[in-house]
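S.K.:
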Amino acid sequence: METVIEEPDAKTSVKDLSFSSDEMFLVVNRSSGPSRVWDLKSSEAVANLPREQGEIFGFCRFSTKSDNSQILFVTAMQGDIMI
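Taking the working numbering, the leading residue of the sequence shown gets 476, the next gets one more, and so forth.
(1) When the Cα atoms are used, what is the spatial distance from VAL521 to LEU492?
(2) Can you find a heavy atom of the ligand SAH that lies under 7 Å from the Cβ of LEU492?
(3) Spell out the partners DSSP gives LEU547 in its beta bridges.
(4) So for SER495, helix, strand or coil by DSSP?
(5) With 16 other CB atoms within 10 Å as the buried threshold, where does PHE548 fall?
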């Protein structure tokens with residue numbers, strides 16, 4: 476098996492992940508640190524979604540729009556409130 480994306484602490488801190496339906500992107504929500512969007516062809520992070528202080532990322536999902544472009548949904552909690 477080939478390692479496609481190298482992410483320190485990924486084995487212990489992944490909270491959720493989602494592949495885009497066009498198989499071009501992977502988003503990974505971690506229990507600590509930023510949520511990252513990866514380009515699967517280049518194995519490069521193309522976006523970092525930083526957490527606000529006290530915020531915890533929950534679920535992440537790609538969805539396909541009517542024009543076949545991808546949209547990313549990410550949930551976050553701050554205290555007892557889901558954002």
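Quick reminder that beta carbons are idealized off the backbone N, C-alpha and C, glycines included.
Bear in mind the structure is a predicted one, so any value in this text is a computation, not a measurement.
M.R.: Inspection of the coordinates gives the following:
(1) As a position in the sequence shown, residue 521 is number 46, starting the count at 1. As a position in the sequence shown, residue 492 is number 17, starting the count at 1. Their Cα atoms are separated by approximately 15 Å.
(2) Among the ligands in the structure shown, none appear at all, so the ligand SAH cannot be discussed.
(3) Counted from its first residue, the sequence shown places residue 547 at position 72. PHE537, per the DSSP bridge assignment.
(4) For the purposes of this step, residue 495 is identified with residue 20 of the sequence shown, where counting begins at 1. In this structure, SER495 counts as coil in the three-state DSSP scheme.
(5) In the sequence shown, counting from the first residue as 1, residue 548 sits at position 73. By the neighbour-count rule (16 or more Cβ atoms within 10 Å), PHE548 is not buried but exposed.
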